Amino acid sequence: MTIEKLIEKAREFEKKNERITWKPHDFPEDMSESSTLEELISEGDSMYDALEEAINLISDLADELEYKIAVED
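If you count by this note's numbering, then the sequence shown holds residues -7 to 65, one letter each, in order.
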């Protein structure tokens, strides 16, 4: 993956995950306990996916930088 593509993916990631919430986006007053738990689990899954994507992106950026440094030396 090129440096330009990595930077583009990093910027997209920043925009997509600018704000991470620890509660459901829509929390109706009459939401049952089971649906509340399902919504919280769904939010947790989304945060896990974002973290996994961030880790992979950071790894790719580090690999690209290490390669660039090795080639320039």
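All C-beta atoms, glycine included, are put in the ideal place defined by N, C-alpha and C. From a predicted model like this one, the values you see are computed outputs, not experimental measurements.
What does a CB cutoff of less than 7 Å around residue i pick up in its chain, not counting 5 residues either side in sequence?
i: Phe5; result: Glu45, Ala46, Leu49
Which one of the options has the shortest CA to CA distance from residue i?
i: Ile(-1); options: Glu56, Ile33, Ala62; result: Glu56
i: Ala2; options: Glu31, Leu32, Asp52, Ile33; result: Asp52
i: Arg11; options: Val63, Glu64, Ser38; result: Ser38
At what residues does the alpha helix (DSSP H) containing residue i begin and finish?
i: Glu0; result: -5 to 8
Who are the near neighbours of residue i in its chain, counting only those whose CB is closer than 8 Å to its CB and skipping five residues on each side?
i: Lys60; result: Ile(-5)
Considering only residues of the same chain and omitting the five flanking positions on each side of residue i, which have a CB-CB separation below 6 Å?
i: Ala42; result: Asn9
Given the structure, does residue i come close to the ligand NAD, in the sense that its CB is under 6 Å from one of the ligand's heavy atoms?
i: Ala2; result: Although the ligand NAD was asked about, the structure shown includes no ligands whatsoever.
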